[in-house]
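Quick notes on the structure that follows.
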Amino acid sequence: MEAEYDAIILGAGAAGLAAGLYTTRAMMKTLILESLGPGGQLLITDEIENYPGFPQGVKGQELAMMMEEQTTRFGATIEYAEVEAVEDLDQPLKLVKTYDREYTAKSIIIATGGAHNKLGVTGEDEFAGRGVSYCAVCDGNFFRDQDVVVVGGGDAAMDESFYLSGIVNSVTIIHRRDELRATRVLQERAFNSPKYKWLWSHVVEEFTGNEALEHARVKDLKTGEIYEYPTAAAFIYVGFHPNTEYLKGLLDMDALGHVYTDIHMRTKAPGVYACGDARADSTRQLGAAVGDGITAALAAYHDLSA
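Here the sequence shown is numbered in the numbering used here, starting from 291 and rising by one per residue.
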């Protein structure tokens with residue numbers, strides 16, 4: 291039985307699109323399966339300032355469109371489907387199942403990225419889409435000139451809060467520690483903005499409201515005080531997890547589900563590679579994801595040509 295594709299790439303984020311660009315240019319018949327839309331985390335990132343070649347920065351959605359156009363121009367096919375399972379990873383002919391059909395390939399490149407963690411508090415799911423959000427770029431404009439909170443203290447929380455600060459009246463950072471984890475340049479930008487307020491050593495206990503979010507019930511970890519903090523919206527950035535549930539038991543993964551690879555993005559299964567946020571020890575940086583995707587594609591080409 292002949293394989294339908296030389297390479298099937300799971301995910302069309304930066305890593306997947308970069309991989310697809312290189313596999314197609316190597317004349318490998320390539321299919322990219324994507325459940326939402328090409329770009330991955332780029333689609334929910336407003337301004338990107340640290341990607342080489344764009345000295346004035348670039349919008350995440352704009353860069354995603356350019357990467358998609360470049361990859362498809364060289365022959366990659368993108369189909370929209372959610373991967374249900376992969377099978378026969380130790381065989382020369384590998385099987386990828388979606389909820390609509392099955393595909394076969396000589397190699398698989400895993401680039402399914404990850405998703406933001408939830409707080410797991412009462413009201414979080416109830417008010418999702420009605421004030422609780424994990425994407426400032428997607429939902430920020432609904433809260434123009436209002437007061438909002440951002441939960442978290444890392445780079446993602448700061449990046450998204452900057453976007454919000456240009457739209458809303460004020461941004462309150464709720465952070466469980468008494469200092470940020472974000473890089474120094476991001477911290478300084480936030481501290482120098484008059485739009486910011488700070489709830490240090492606080493956690494969210496619950497989200498409350500009527501038809502829409504009205505308050506975050508917060509707890510001061512130093513005093514134990516619990517009180518209602520008024521807000522029109524809460525944007526949550528408290529970590530990230532890989533989208534690799536469909537691979538459990540099939541590949542070596544760390545405790546969080548990141549796939550172990552060597553420096554060439556090879557997994558323990560021959561002809562199976564992992565790149566970007568889905569792999570262990572990823573830096574979760576755009577440039578690194580692109581490099582991972584290229585490395586995986588070159589390894590796949592080399593292995594199939596050997």
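Note that the Cβ used here is the ideal one computed from N, Cα and C, for glycine as well.
Exposure label - residue i; buried when at least 16 CB within 10 Å
| i | result |
| --- | --- |
| residue 557 | buried |
| residue 323 | buried |
| residue 516 | exposed |
| residue 569 | buried |
| residue 595 | exposed |
| residue 389 | exposed |
| residue 331 | buried |
| residue 344 | exposed |
| residue 459 | exposed |
| residue 622 | No statement about residue 622 is possible, as the shown extent of the chain runs from 291 to 596 and does not include it. |
| residue 419 | exposed |
| residue 431 | exposed |
| residue 234 | The chain is shown from 291 up to 596; residue 234 falls before or after that span and cannot be answered. |
| residue 562 | buried |
| residue 553 | exposed |
| residue 340 | exposed |
| residue 566 | buried |
| residue 255 | No answer is possible for residue 255: it lies beyond the span of the chain, which begins at 291 and ends at 596. |
| residue 512 | exposed |
| residue 449 | buried |
Residue i in three-state terms, based on DSSP
| i | result |
| --- | --- |
| residue 499 | strand |
| residue 491 | coil |
| residue 534 | coil |
| residue 465 | strand |
| residue 460 | strand |
| residue 393 | strand |
| residue 602 | Lying outside 291 to 596, the shown extent of the chain, residue 602 is not represented and no answer is given. |
| residue 473 | coil |
| residue 386 | strand |
| residue 596 | coil |
| residue 434 | coil |
| residue 450 | helix |
| residue 574 | coil |
| residue 356 | helix |
| residue 274 | There is no way to answer for residue 274, as the model of the chain reaches only from 291 to 596. |
| residue 579 | helix |
| residue 316 | coil |
| residue 330 | helix |
| residue 365 | coil |
| residue 306 | helix |
Which residues DSSP lists as bridging residue i, in chain order
| i | result |
| --- | --- |
| residue 520 | 505 |
| residue 510 | 492 |
| residue 349 | 337 |
| residue 483 | According to DSSP, which records beta bridges pairwise, residue 483 is partnered with nothing at all. |
| residue 525 | 423, 440 |
| residue 377 | 385 |
| residue 563 | 399, 556 |
| residue 478 | Residue 478 pairs with nothing; no bridge assigned. |
| residue 295 | 395 |
| residue 370 | 324 |
| residue 569 | 549 |
| residue 311 | Answer is none; residue 311 lacks a bridge partner. |
| residue 300 | 323, 400 |
(message) Is it the case that the region 457 to 468 contacts the region 477 to 489, given that we only count it when at least three CB pairs across the two stretches are under 8 Å?
(response) yes
(request) Note down, one range per segment and in chain order, each beta strand (DSSP E) of at least 3 residues found wholly within the region 398 to 428. (result) Listed in chain order, the complete beta strand (DSSP E) runs (minimum 3 residues) inside the region 398 to 428 are 404 to 406.
(message) Between the region 401 to 415 and the region 496 to 504, can you find at least three pairs of beta-carbon atoms closer than 8 Å?
(response) Cβ pair count under 8 Å is three or more, so yes.
(request) For the region 437 to 447 and the region 344 to 362, state whether three or more C-beta atom pairs, one from each stretch, are separated by less than 8 Å. (result) no
(message) Assess contact between the region 397 to 408 and the region 524 to 535, defined as three or more Cβ pairs (one per stretch) separated by less than 8 Å. Is contact present?
(response) In short, these stretches touch, since the Cβ pair count reaches three.
(message) Could you check whether the region 414 to 423 touches the region 539 to 551, counting it as contact only if at least three pairs of C-beta atoms, one from each stretch, sit closer than 8 Å?
(response) no
(request) Would you check if the region 578 to 590 and the region 420 to 427 touch, i.e. whether three or more CB-CB distances between them fall below 8 Å? (result) The region 420 to 427 makes no contact with the region 578 to 590: fewer than 3 CB pairs, one atom from each, lie closer than 8 Å.
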